[in-house]
Amino acid sequence: MKLHLDKSDPAHRIRSCIRKESGFEVRVGDRSFTTSLIVTPGELVSWDVDHPSRLCKEDFEKIAALGAEVVILGTGTRQEFPDPAIYLPLIESGIGLEVMDTPAACRTYSILLSDERNIVAALIL
């Protein structure tokens, strides 16, 4: 009989993304967040970005350094594509970028995490 490790409930699984009057509340594992954050299968990183218009090249350099195969960017209440010049660090590193609203990014991250993909969710709350 073959046994497999059950990874269906990792510590950094996004459990919910709730829209509130003041923004979003995201639950990761048993913790709640109301400010932007970067979520990986192995760590949570606070992120100072509060609106897609404030994204800069340095943000994407920080994200590229995490070494994911794909980055899911949640841009708040609606999908807003950043200028390609600022996410050049991802392109140069061969890292894919998917842009969507934050609730969709949370759902997509959870699905890809269950497939054991090396992913990063950068969530603007």
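All residue numbers for the sequence shown refer to numbering that gives the first Met the number 0, where the first residue is 0 and numbers rise by one. Glycine residues also receive a C-beta, built at the ideal position from the N, C-alpha and C atoms.
Annotated three-state conformation of residue 64 is coil, per DSSP. DSSP lists 37, 72 as the beta-bridge partner residues of residue 121. Put simply, the region 83-97 does not touch the region 10-22. Fewer than three CB pairs are less than 8 angstroms apart. If you compare the alpha carbons of 51, 119, 35, 75 with that of residue 67, the shortest gap goes to 119. In the DSSP assignment, residue 23 is bridged to 18. In the same chain as residue 58, and ignoring 5 residues on each side of it, the C-beta atoms closer than 7 angstroms to its own belong to 48, in chain order.
Sixteen is the threshold: when 16 or more other Cβ atoms of the shown chains lie within 10 Å of the Cβ of residue 35, as they do, the residue is buried.
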